[in-house]
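Participant: Sharing a structure with you now.
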Amino acid sequence: MPGSDDFTVVGASLGVAPCGDVQGLCNRRDESWHADEAMTTPPPRRFSTRTRAALAVEKLASSASRRLGRGSGEMIGGKLALQVSPRILTEVAAGRMAVCVSGTNGKTTTTRLLARALGTLGPVKSNSGGANMAPGVLAALSRPPFDAAAALEVDEIWLPKVARQILPRAVVLLNISRDQLDRSNETRRIASLWRELGADLPAATVVANVDDPLVAWAASGWSNQIWVSVGQNWTADAMVCPQCARLLHRNSSGWWCDCGLARPEPIVAVTGPGELLWFGRHIRASIDLPGRVNLGNAAMAAAAAKLFGVEVADALAAMTGLDDVQGRYQEVELGESGVRGRLLLAKNPAGWVEMMELLNTAPARPVIIDFNSQTADGRDPSWIWDVPFERLAGRDVLVTGERKEDMSVRLAYAEVPHTVHPDAESAASTVFDKTVDVVANYTAFRDILGRVAPVGTTR
Amino acid sequence: MISDSATRIALIYPELLGTYGDGGNAIVLAQRLRWRGLAAEVINVPAGEVVPGGCDIYLLGGGEDAPQVLAADGLRRSTSLLRAVNEGAVVLAVCAGYQVIGASFPAGDEVHDGLGLVDVETRRSFDPADQPAPPRAVGDIVVEPTSDLGLPVLLGYENHAGRTRRLAGGRGRPLGVVRKGVGNGTIDQTDGIVDHHVIGTYLHGPVLAQNPALADLLLSWVHGPLPALAEPAEIQLLRQARLRALDVAS
Ligand SMILES: [Zn+2]
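Next up, the structure:
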């Protein structure tokens, strides 16, 4: 939905449309009016009349809007259902093993990994399509079985509202960095909202990243914590103490403030490539998703799954085999050229720095940068000046996207030679290599995914 | 080795005043000197340290409330910036940095003292107290520069809650008149201030990336007339693309 001001809908339409089921493929095309699972499996009697009515409305609205080709039917259905029964989230979440996952970067991936880990115990519901505000969360929980576990991705700003209704057993807090600067520019405000949330969830455990001072401060106000170190490449958004606004001290082993706030000692940590510290012992750990950043996401997810009794070996085994998340890390055919592109999402400086690490672990492939600045991306492209693009020097760099001129100027000042192209496919047609990396931001990524086919499939 | 003649560009407190890619202005200035065969040195001034005297250009960027207050407190503890300005140093202060170099600015529920380098003051609103505060100014901004600066139209992005006005009888003149966007947000529809070699503006972040002539104006304040520059074609292509997208005649 290019140019839409409704971020909810844009988010919902990224890549594969959201669906309530974890096991990869959505079977929504098989659903129809008469083969209605809600009719064969009625909602539990404990639901209020309002909620039962709301669930019926959700079902109708979402399948109707899907049949009309509007795409993310769950969003519309979810919005209607929330109006019919304001307490519906609390009711449909009651009695479940539920975990909310939030943060600026990595929440979709971490939610998918968590869903896989919880899947070792039984059925899991998840808003795996990136629809991460209340309607998307509701959509994930509005189909039977109503006692399935729930792995829920929740937008940073929406987390307090959603979690106060879901009452999750665990909340995973990944990181807070600047993203979409014209939507919300106060990183500390988010940390503060998260901290206050802890007071209302005394029975919940927070799984929190100790390397992000904003997250650590937010989580230190909660009753129960599992502290995880994922390492952090990006520190520019956490230089000031969130507690007292003094400047933080940093060295190689952590960060601290004169007011006493300091990096908590982690009980889980990424200690090397393929290695975790796990509750006092060192274990080998690997998943199919590339990079240290994803091992960190896996560690956060496994720590949450442990609360429900999932052994780390089982969790990691279940996570292995997940090799793309909404198209991220997937290899696709870029047009007719025969060139394959590995799709990488980078939508803010912190994300780009993580992707640089991934680019540099692969053989030096050409890089296509696809850069937009629609509402869902943040209208303001200034942040590309925070990314150390100088590191791409020596690589074949190709630029495209609606703000390709901005990116081109950034690269010119970084003295990175590059070429500019109308789209990723035509860029790919100019390279001699068989495989390229494609780094795109939010809507650029969504648009590529809508145009190309995964390797090994035909469209 | 940096020669003694290198132009020294101080990037002040980038950890505090660097929310919107503001460090880009240092990259642009240094690169435009180097492309001309002139030496340039970018000096990062970490938060908490004394601002070094003797630099040619000082850059201040944008920041959230708490970092902005911290930056202003740090800068007020030393007179080195004020002395440098009195000796003719160039200052480019954008967004929160613009507010900080003025007389006073709001953060949280309080009004804080700025550096007083330029005669402006910032508040949430200058309307009567019973009026609701105006909305945050967020979006593309286009400014027709004050004519004696000899600059083409200025393009940028703004994101700020404050409204800024010149002090009665104060020195300096507006950077320009706002054609799109909010800028100072005062009734005269201006943006920014220019006082001798100090510029404050709400065109935030890497404003010099889209406005190479402004970058060269700052550099000419240091060097006098600059050697001609065969700059990469991308830079004018970006301006043309933005002028088209914003539907602005150059
Ligand atoms: Zn502190």
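Quick note, the sequences are listed as chains U and V, same order. Each position in the first sequence, counted from 1, maps to that position plus 247 in my numbering. Each position in the second sequence, counted from 1, maps to that position plus 105 in my numbering. Backbone N, C-alpha and C fix where the C-beta goes; we use that ideal spot for every residue, glycine too.
Over what stretch of residues does the beta strand (DSSP E) that includes R587(U) continue unbroken?
Facilitator: Note, R587(U): beta strand (DSSP E), R587 to L592.
Participant: Does the Cβ-Cβ distance between V195(V) and I162(V) come in under 8 Å?
Facilitator: It is a contact, given that the beta carbons lie within the stated cut-off.
Participant: Hey, L324(V) and I298(V): beta-carbon distance below 8 Å or not?
Facilitator: Cβ distance not < 8 Å, so L324(V) and I298(V) don't count as in contact.
Participant: Quick one: is the Cβ of A493(U) within less than 7 Å of any heavy atom of ligand 1?
Facilitator: A small fix is needed here, since residue 493(U) is Arg in this sequence, not Ala. R493(U) Cβ: within cutoff of ligand 1.
Participant: Can you tell me whether Y262(V) is helix, strand or coil according to DSSP?
Facilitator: In this structure, Y262(V) counts as strand in the three-state DSSP scheme.
Participant: Please report the distance separating the alpha-carbon of V644(U) from that of W599(U).
Facilitator: Taking the straight line joining both Cα atoms gives about 15 Å.
Participant: Mapping DSSP to helix, strand and coil, what is L220(V)?
Facilitator: Here L220(V) sits in coil by DSSP.
Participant: Between L440(U) and ligand 1, is the CB less than 7 Å from at least one heavy atom?
Facilitator: For ligand 1, not one heavy atom lies less than 7 Å from the Cβ of L440(U).
Participant: Using a Cβ-Cβ cut-off of less than 8 Å, give me the residues of the stretch 479-508 of chain U that come near chain V, in sequence order.
Facilitator: Hits within the stretch, in order: A483, M486, V487, A492, R493 and L494.
Participant: Within 10 angstroms of the Cβ of D277(U), are there 16 or more other Cβ atoms? Answer buried if so, exposed if not.
Facilitator: Any reading at D277(U) is ruled out, since the residue's pLDDT is 31, under 50, leaving its predicted position unreliable.
Participant: Please name the residues in the stretch 107-132 of chain V whose beta-carbon is closer than 9 Å to at least one beta-carbon of chain U, in chain order.
Facilitator: Correct list: P119, E120, L121, G123, T124, Y125, G126, D127, G128, G129, N130 and I132.
Participant: Counting only beta-carbon atoms, is Y576(U) nearer than 8 Å to chain V?
Facilitator: Y576(U) does not count as touching chain V.
Participant: Quick check: is any heavy atom of ligand 1 less than 7 Å from the C-beta of C488(U)?
Facilitator: C488(U) Cβ: within cutoff of ligand 1.
Participant: Below 7 Å on C-beta distance, what does Q204(V) contact in chain U?
Facilitator: Under the 7 Å cutoff, chain U gives no residues; its nearest Cβ is about 15 Å from Q204(V).
Participant: Taking 8 Å as the threshold (beta carbon to beta carbon), is A136(V) in contact with chain U?
Facilitator: Residue identity check: residue 136(V) is Gln in the sequence provided, not Ala. Q136(V) counts as touching chain U.
Participant: Starting from the beta carbon of D653(U), find every residue of chain V whose beta carbon is closer than 7 Å, and list them in chain order.
Facilitator: By Cβ distance, chain V contributes L343.
Participant: From R271(V) to G179(V), what does the alpha carbon distance come to, in whole angstroms?
Facilitator: Each residue's alpha carbon lies about 24 Å from the other.
Participant: Does the distance from the CB of R276(V) to the CB of D218(V) come in under 8 Å?
Facilitator: No.
Participant: Any Cβ of chain V within less than 8 Å of the Cβ of W630(U)?
Facilitator: Chain V, which has a Cβ nearer than 8 Å to the Cβ of W630(U), makes this yes.
Participant: Taking the beta strand (DSSP E) that P211(V) falls in, what are its first and last residues?
Facilitator: From DSSP, the beta strand (DSSP E) with P211(V) extends over S209 to A212.
Participant: For the 8 Å Cβ check, are there 3 or more pairs between the stretch 336-353 of chain U and the stretch 402-420 of chain U?
Facilitator: Yes, the stretch 336-353 of chain U is in contact with the stretch 402-420 of chain U.
Participant: Using a Cβ cut-off of 9 Å, which residues of the stretch 243-255 of chain V contact any Cβ in chain U, in chain order?
Facilitator: Hits within the stretch, in order: V243, G244 and D245.
Participant: Find the nearest neighbour of A340(U) within the set R657(U), V699(U), A640(U) and L385(U), judged by alpha-carbon distance.
Facilitator: Of the listed residues, the one whose Cα sits closest to A340(U) is L385(U).
Participant: Which partner residues does H529(U) have in the DSSP bridge list?
Facilitator: Answer by DSSP bridge pairing, in chain order: L524(U).
Participant: Just by C-beta distance, which residues in the stretch 612-627 of chain U are closer than 9 Å to chain V?
Facilitator: Cβ contacts with chain V: R626 and D627.
Participant: Per DSSP, Q330(U) forms a beta bridge with which residues?
Facilitator: Answer by DSSP bridge pairing: none, since Q330(U) is not bridged.
Participant: Could you spell out the range, first to last residue, of the alpha helix (DSSP H) harbouring E652(U)?
Facilitator: Counting along the chain, the alpha helix (DSSP H) containing E652(U) begins and ends at K651 to Y660.
Participant: Would a check of beta-carbon distances place N149(V) closer than 8 Å to chain U?
Facilitator: Chain U, which has no Cβ nearer than 8 Å to the Cβ of N149(V), makes this no.
Participant: Give the single residue among R531(U), A509(U) and L542(U) whose Cα lies nearest to the Cα of D459(U).
Facilitator: Minimum Cα distance to D459(U) is reached at A509(U).
Participant: With V409(U) as the anchor, note down where its alpha helix (DSSP H) starts and where it stops.
Facilitator: Run containing V409(U): L406 to I413, per the alpha helix (DSSP H) assignment.
Participant: Identify, in the order they occur along the chain, each residue of the same chain with its Cβ nearer than 7 Å to the Cβ of R359(U), setting aside the five sequence neighbours on each side.
Facilitator: These residues qualify, in order along the chain: S375, L569 and V572.
Participant: Are the beta-carbon atoms belonging to G88(V) and A189(V) less than 8 Å from one another?
Facilitator: The structure shown has nothing for residue 88(V), since chain V only spans 106 to 355.
Participant: To which residues does DSSP link R271(V) through a beta bridge?
Facilitator: Paired residue(s): V225(V).
Participant: Alpha carbon to alpha carbon, what distance is there between G377(U) and T355(U)?
Facilitator: Taking the straight line from one Cα to the other gives about 6 Å.
Participant: Is it buried or exposed, C200(V), if we count other Cβ atoms within 10 angstroms and call 16 or more buried?
Facilitator: The residue in question, C200(V), is buried, as its Cβ has 16 or more Cβ neighbours within 10 Å.
Participant: Could you check what DSSP says for A450(U) in three-state terms: helix, strand or coil?
Facilitator: Looking at A450(U) - three-state DSSP - the assignment turns out to be coil, as it is neither helix nor strand.
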